[in-house]
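Peer 1: The structure's right below; bear with me while I get my questions together.
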Amino acid sequence: MSSQATRTGSQAHHTNRLARETSPYLLQHAQNPVDWRAWGEEAFRAAREADKPIFLSVGYSTCYWCHVMERESFESEAVAAVLNEHFVPIKVDREERPDVDDLYMTAVQLMTRQGGWPMSVWLEPERLRPFYAGTYFPPQDRHGLPSFTTVLRSLAEAWSRRRDDVMKQADQVSAAVVQVVREMPEAVTLDAAVVRDAVSMQMRTYDANHGGFGGAPKFPTPVNLDLLMECAWEDETVRNAVLHTLDRMARGGMYDQVGGGFHRYSVDAQWLVPHFEKMLYDNGQLLTTYARAHEKTGDPYFERILRQTAAYVEREMMDKAGGFYSAQDAEVDAREGLNYLWVEDEVRAALGEAGFPPDEIGFALEVYGLSRGTNFQDPHHSDEPPRNVLTLTAPPAELAEAGGMSVPELFEKLDRINAALLKVRDQREQPGTDDKVLTGWNGLMMAGLADAGRALKEPKFIELAERAARFIEKTMRTEDDALARSYRKGEARIPAFLEDYALLMHGLLALHAATDDSEHLERARALATEARELFVDKEAGGAYFDSRPEQTDLFVRSRSRYDGAIPSGNSVMANNLITLAERTGERVYFEQAAALLRYFSSLIREQSLGLAGCVRALHRLSALEPDLFAAELSGAQSGAVTSETGGPVRIKASAVDSRTVDIEMSIQSGFHINARDPGQPALVPLLIEAAGGTPSIEVEAPEPSNFGPEESPARGYAGLVTFTVKLSEPMDRDRPPRLFVTYQACTETECHAPRTEVVTVSP
0 MSSQATRTGS QAHHTNRLAR ETSPYLLQHA QNPVDWRAWG EEAFRAAREA
50 DKPIFLSVGY STCYWCHVME RESFESEAVA AVLNEHFVPI KVDREERPDV
100 DDLYMTAVQL MTRQGGWPMS VWLEPERLRP FYAGTYFPPQ DRHGLPSFTT
150 VLRSLAEAWS RRRDDVMKQA DQVSAAVVQV VREMPEAVTL DAAVVRDAVS
200 MQMRTYDANH GGFGGAPKFP TPVNLDLLME CAWEDETVRN AVLHTLDRMA
250 RGGMYDQVGG GFHRYSVDAQ WLVPHFEKML YDNGQLLTTY ARAHEKTGDP
300 YFERILRQTA AYVEREMMDK AGGFYSAQDA EVDAREGLNY LWVEDEVRAA
350 LGEAGFPPDE IGFALEVYGL SRGTNFQDPH HSDEPPRNVL TLTAPPAELA
400 EAGGMSVPEL FEKLDRINAA LLKVRDQREQ PGTDDKVLTG WNGLMMAGLA
450 DAGRALKEPK FIELAERAAR FIEKTMRTED DALARSYRKG EARIPAFLED
500 YALLMHGLLA LHAATDDSEH LERARALATE ARELFVDKEA GGAYFDSRPE
550 QTDLFVRSRS RYDGAIPSGN SVMANNLITL AERTGERVYF EQAAALLRYF
600 SSLIREQSLG LAGCVRALHR LSALEPDLFA AELSGAQSGA VTSETGGPVR
650 IKASAVDSRT VDIEMSIQSG FHINARDPGQ PALVPLLIEA AGGTPSIEVE
700 APEPSNFGPE ESPARGYAGL VTFTVKLSEP MDRDRPPRLF VTYQACTETE
750 CHAPRTEVVT VSP
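Each residue of the sequence shown is one higher than the one before, counting from 0 in numbering that gives the first Met the number 0.
Right, here's the structure in full:
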């Protein structure tokens with residue numbers, strides 16, 4: 000179980016209702032003085048009978064700031080007294096209940112324009128609608144944030160004296176959430192240009208110096224890397240970007256050089272210092288990504304990463320019965336990354352005790368960067384001495400050449416060094432492991448191990464994946480024999496969600512590819528049928544809901560759309576259905592995939608990188624079933640194409656002549672969009688750019704107007720505004736120009752999240 004926060008003797012005698020739970024995250028809070036309850040009818044009934052609002056706190060066991068807020072507030076007798084008196088407190092493990100997390104995170108993002116964990120939401124008790132939200136609150140007012148007790152007292156006073164205002168706020172927030180999660184945008188046509196645009200948009204953010212995409216913090220985003228490999232591998236620029244990224248991720252501190260496996264993300268752009276938690280879903284997906292890259296290149300370094308990561312998973316993340324654990328914590332003794340950090344003297348001592356000669360100790364110090372000085376200072380404890388995150392200072396081929404050895408000899412030497420360091424590291428206090436088994440996340444690891452085993456012809460990895468598949472089939476069942484979401488210490492609980500069905504199918508299909516065992520294929524087919532019965536939105540004609548039809552604990556039933564750290568259930572299902580059609584020859588699965596993609600077509604066209612998995616499915620479907628693709632998804636474009644976003648802005652692009660395009664933006668009354676120079680640094684400027692394959696452009700813009708307070712106005716446009724785009728070359732009839740239009744729509748009081756749309760024009 001995950002590490003418990005240190006508690007004083009006065010706090011340790013508390014035991015609340017969470018002691019009955021199995022989630023490591025909930026058990027972390029079982030001795031808080033806060034009268035926590037688990038999400039469910041018992042808690043809802045208590046709130047209704049007491050006429051108290053609900054305080055909903057959502058987090059996960061390896062969340063650093065969740066630990067901080069627990070230490071500062073939830074272990075405080077004074078804070079607990081206020082919380083218990085005025086609210087019914089409920090704790091949710093977001094990993095057990097992704098449906099609850101997704102729904103209320105939407106509310107947090109709508110109300111605060113940001114999100115994160117711990118998530119703090121206040122609900123009215125009758126319909127569980129949110130009326131106030133935030134994330135982390137400090138124990139005292141600081142950095143512009145009110146203290147947690149200040150917020151609690153203010154909301155308690157509002158509930159007592161201004162109930163009508165609170166309920167009106169709940170009406171407004173819940174209506175906005177429903178609009179977001181149940182939005183049914185009008186279908187638009189999709190074509191090969193959508194895939195090209197997604198690749199082009201991704202490559203615009205490529206960091207040629209350090210690899211990866213975008214700046215700090217830098218995430219691995221395997222779903223985007225997989226998109227580039229599948230859809231644009233033949234493009235040398237794209238191919239080099241992917242390989243450079245995979246190399247730099249593996250050499251940096253985000254990869255555990257000693258023990259194997261990837262940390263969550265890099266806090267800097269150089270892949271140097273990670274956020275130290277390790278997640279099963281990251282490592283499962285990255286096994287698949289590196290396996291695909293190894294199949295394409297035969298790179299021995301990628302083979303090494305695959306073998307080390309698989310060994311780490313087997314050693315530290317596998318239940319003895321065959322399932323895989325969820326995560327490992329970032330902190331030890333309230334210090335982030337402490338277990339993974341070194342100073343030069345510690346490495347010298349560890350290797351000296353293991354019998355390494357001075358020259359090999361010096362080699363280790365140089366290869367892992369310790370001879371260059373320290374590179375890590377705990378950002379939360381400035382009094383701690385600086386230490387080192389171990390990184391490989393150069394590509395393996397360069398290190399081998401500098402050391403006068405072959406690459407295999409280098410790897411053998413590093414293996415001996417790592418074994419000695421790991422032996423010492425294992426004697427330190429270890430980060431907590433969240434040992435619950437989640438069906439969907441196990442599906443990702445099954446796929447990763449099966450893909451790695453197939454790429455390396457390593458049967459051991461495939462057997463580990465098959466053990467997990469047998470474990471899930473035998474053990475992950477609820478009392479009524481439904482597929483379960485979560486398992487820990489002999490108890491399977493919570494009926495599975497769309498994510499679980501989709502990701503388990505993904506794992507089984509990867510196992511079928513690795514073994515050609517028809518049992519895995521038949522199990523995937525059965526899951527597809529069951530998922531369709533449980534989750535397909537019959538009104539939407541192909542898209543899937545995230546939650547089960549019998550659930551009554553959510554005020555709206557949502558559909559996952561965007562890929563994040565975990566790909567959305569809908570994008571995974573789209574690819575699963577295409578794979579099932581390939582393997583079985585049954586065209587109905589192609590048709591189901593096409594219907595799903597048609598439902599999300601508007602979002603795929605305007606926000607393709609957010610739906611990278613759907614774009615990959617689109618690419619596959621167009622190649623495998625061009626006639627179906629043409630009939631269901633594609634269509635002839637006219638000279639003027641309108642972007643129908645369902646939002647406050649509509650964009651129409653019309654060809655004036657062979658070198659000129661007019662972009663007409665129609666802005667809904669009450670809204671304006673920011674100008675190219677909005678005059679306020681916090682606002683997102685208007686940006687019109689050429690997509691890949693489009694000639695370079697110049698944009699002529701009309702004079703903007705001022706909006707907002709006179710003392711600090713923002714510059715922008717309202718109503719109907721036209722921008723003239725001049726092309727450097729005449730339009731190519733065989734490859735019509737495509738433009739990226741990035742804009743932010745605002746009212747007088749708030750701004751929407753920025754959107755990027757792709758506009759295609761035929762000459």
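Beta carbons are placed, not taken as given, at the ideal position from N, Cα and C, and that holds for glycine.
Does the count of Cβ pairs from the region 353-371 and the region 472-489 closer than 8 Å reach three?
Peer 2: no
Peer 1: Would you list, in sequence order, the uninterrupted beta strand (DSSP E) runs of no fewer than 3 residues that lie entirely inside the region 675-760?
Peer 2: 686-689, 696-699, 704-706, 713-716, 719-726, 737-742, 754-759
Peer 1: Have a look at Q743 and A752 and give me their C-alpha separation to the nearest angstrom.
Peer 2: As a working mapping, residue 743 is identified with position 744 in the sequence shown. As a working mapping, residue 752 is identified with position 753 in the sequence shown. Going from the Cα of Q743 to the Cα of A752 covers about 6 Å.
Peer 1: For P170, which three-state DSSP category applies?
Peer 2: On the sequence shown, residue 170 is found 171 positions in, with the first residue counted as 1. Just to set this straight, residue 170 is Asp in the shown sequence, not Pro. Helix, per DSSP.
Peer 1: Tell me the DSSP secondary structure of S633 in three-state form.
Peer 2: Within the sequence shown, numbered from 1, the residue matching residue 633 stands at position 634. In the structure shown, S633 sits in coil (DSSP, three-state: anything other than H, G, I, E or B).
Peer 1: Is the Cβ-Cβ distance between K217 and S265 less than 7 Å?
Peer 2: Position 218 of the sequence shown, counting from 1, holds the residue named residue 217. Position 266 of the sequence shown, counting from 1, holds the residue named residue 265. The answer is yes: Cβ separation under 7 Å.
Peer 1: Three or more C-beta pairs under 8 Å: does that hold for the region 146-153 against the region 102-110?
Peer 2: no
Peer 1: How is the beta strand (DSSP E) around E490 delimited, first residue to last?
Peer 2: What you label residue 490 is simply residue 491 of the sequence shown in a count that begins at 1. 490-494 is the extent of the beta strand (DSSP E) around E490.
Peer 1: For H293, count neighbouring C-beta atoms within 10 Å of its own C-beta (all shown protein chains included) and say buried if the count is 16 or more, exposed if not.
Peer 2: Mapped onto the sequence shown, residue 293 falls at position 294. Buried.
Peer 1: Put W121 into one of helix, strand or coil per three-state DSSP.
Peer 2: Within the sequence shown, residue 121 is the residue found at index 122, counting from 1. Reduced to three states, the DSSP call for W121 is strand.
Peer 1: Alpha carbon to alpha carbon, how far is E17 from P117?
Peer 2: Taking the sequence shown and counting its residues from 1, one reaches residue 17 at position 18. Taking the sequence shown and counting its residues from 1, one reaches residue 117 at position 118. As written in the sequence, residue 17 is Leu, which differs from the Glu given in the question. L17 and P117 have their C-alpha atoms some 17 Å from each other.
Peer 1: For V655, does the count of other Cβ atoms within 10 angstroms reach 16, so buried, or fall short, so exposed?
Peer 2: The count along the sequence shown starts at 1 and reaches residue 655 at position 656. Exposed, because fewer than 16 other Cβ atoms sit within 10 Å of the Cβ of V655.
Peer 1: Tell me, please, which residues DSSP counts as bridged to G565.
Peer 2: By one-based count along the sequence shown, residue 565 stands at place 566. In the sequence as displayed, the identity of residue 565 is Ile instead of Gly. Under DSSP, I565 takes part in no beta bridge, so it has no partner.
Peer 1: So for V57, helix, strand or coil by DSSP?
Peer 2: Sequence index remark: in the sequence shown, residue 57 carries index 58 (1-based). The answer is strand: DSSP assigns V57 an E or B state.
Peer 1: Under the three-state reduction of DSSP, which class applies to P145: helix, strand or coil?
Peer 2: Counting from one through the sequence shown, the residue named residue 145 turns up at place 146. It is coil, neither helix nor strand.
Peer 1: For the ligand MN, is there any heavy atom lying closer than 6 Å to the beta carbon of D358?
Peer 2: Ligands displayed in this structure: none; no statement on the ligand MN is therefore possible.
Peer 1: Please list the segments of the alpha helix (DSSP H) lying wholly inside the region 40-93, counting only runs of 4 or more residues, in order along the chain.
Peer 2: 40-49, 63-68, 76-85
Peer 1: Quick one: residues in its chain with C-beta nearer than 8 Å to the C-beta of A42, no 5 flanking neighbours on either side, listed in chain order?
Peer 2: In the sequence shown, the residue the question calls residue 42 occupies position 43. Within the same chain, and ignoring the five residues on either side of A42 in sequence, the residues whose Cβ sits closer than 8 Å to its Cβ are R36, I53, V87, I89.
Peer 1: With burial defined as no fewer than 16 other Cβ atoms inside 10 Å of the residue's Cβ, what is the status of T644: buried or exposed?
Peer 2: Against the sequence shown, residue 644 aligns to sequence position 645. With a pLDDT of only 45 at T644, under the threshold of 50, the placement of this residue in the model should not be trusted; the figure read from the coordinates follows. By the 10 Å Cβ count, T644 comes out buried.
Peer 1: Among residues of its own chain, excluding the 5 on either side of K51, which ones have a beta-carbon nearer than 6 Å to its beta-carbon?
Peer 2: Within the sequence shown, numbered from 1, the residue matching residue 51 stands at position 52. Answer for K51: F86, V87, listed in chain order.
Peer 1: For the putative contact between A495 and T438, defined by C-beta atoms under 8 Å, what is the C-beta separation to the nearest angstrom?
Peer 2: As a first step, residue 495 is located in the sequence shown; it is residue number 496 there, counting from the start. As a first step, residue 438 is located in the sequence shown; it is residue number 439 there, counting from the start. Between T438 and A495 the Cβ distance is about 6 Å, and since that is below 8 Å, they are a contact.
Peer 1: Which whole-angstrom value is the C-beta distance of A764 and L632, which I expect to be below 8 Å?
Peer 2: The chain is shown from 0 up to 762; residue 764 falls before or after that span and cannot be answered.
Peer 1: Label L279 either buried or exposed according to how many other C-beta atoms from any shown protein chain fall within 10 Å of its C-beta, with 16 as the threshold for buried.
Peer 2: For the purposes of this step, residue 279 is identified with residue 280 of the sequence shown, where counting begins at 1. With 16 or more other Cβ atoms within 10 Å, it is buried.
Peer 1: Grab me the residues of L526's own chain with a C-beta within less than 7 Å of its C-beta, minus the 5 sequence neighbours each way, in chain order.
Peer 2: In the sequence shown, the residue the question calls residue 526 occupies position 527. Spatial neighbours of L526 in its own chain (CB-CB distance under 7 Å, excluding positions within 5 residues in sequence) are listed in chain order as Y500, L503, M504.
Peer 1: What would DSSP say about Y339, mapped onto helix, strand or coil?
Peer 2: Position 340 of the sequence shown, counted from the start, is the residue given in the question as residue 339. The three-state reading of DSSP puts Y339 in helix, counting H, G and I together.
Peer 1: Let me know if E756 comes out buried or exposed under the rule of 16 or more other beta-carbons within 10 Å of its beta-carbon.
Peer 2: Along the sequence shown, one-based indexing puts residue 756 at 757. By the 10 Å Cβ count, E756 comes out buried.
Peer 1: For T659, which three-state DSSP category applies?
Peer 2: Translated into the one-based positions of the sequence shown, residue 659 becomes position 660. Correct three-state label for T659: strand.
Peer 1: On a Cα-Cα basis, can you pick out the residue from K725, H519, A629 that is closest to A652?
Peer 2: Locating residue 652 in the sequence shown gives position 653, counting from the first residue. Comparing Cα-Cα distances from A652 to each of K725, H519, A629, the minimum goes to K725.
Peer 1: Going by the DSSP bridge assignment, what does E330 pair with across the sheet?
Peer 2: Here residue 330 refers to the residue found at position 331 of the sequence shown. Paired residues: E335.
Peer 1: What residue from P23, V81, V198, G114 has the CA that sits closest to Q606's CA?
Peer 2: Reading the sequence shown from its first residue, position 607 is the one you call residue 606. In terms of CA proximity to Q606, V198 leads the group P23, V81, V198, G114.
Peer 1: State the start and end residues of the unbroken alpha helix (DSSP H) segment that holds Y837.
Peer 2: Lying outside 0 to 762, the shown extent of the chain, residue 837 is not represented and no answer is given.
Peer 1: So the candidates are V312, L421, A468; which of them puts its Cα closest to the Cα of T432?
Peer 2: Counting from 1 along the sequence shown, the entry for residue 432 is found at position 433. The shortest C-alpha separation from T432 is found at V312.
Peer 1: Who are the near neighbours of Q139 in its chain, counting only those whose CB is closer than 8 Å to its CB and skipping five residues on each side?
Peer 2: Residue 139 sits at position 140 when you count from the first residue of the sequence shown. Excluding positions up to five away in sequence, the list reads S146.
Peer 1: What does P273 pair with, by DSSP beta-bridge criteria?
Peer 2: What you label residue 273 is simply residue 274 of the sequence shown in a count that begins at 1. DSSP, once it has assigned bridges, lists S265 as partnering P273.
Peer 1: Pull the bridge partners of L482 from the DSSP assignment, please.
Peer 2: In the sequence shown, the residue the question calls residue 482 occupies position 483. The partner list for L482 (beta bridge, DSSP) reads R476.
Peer 1: Taking the CB atoms as reference points, tell me whether E95 and I493 lie closer together than 7 Å.
Peer 2: Here residue 95 refers to the residue found at position 96 of the sequence shown. Here residue 493 refers to the residue found at position 494 of the sequence shown. It is a contact, given that the beta carbons lie within the stated cut-off.
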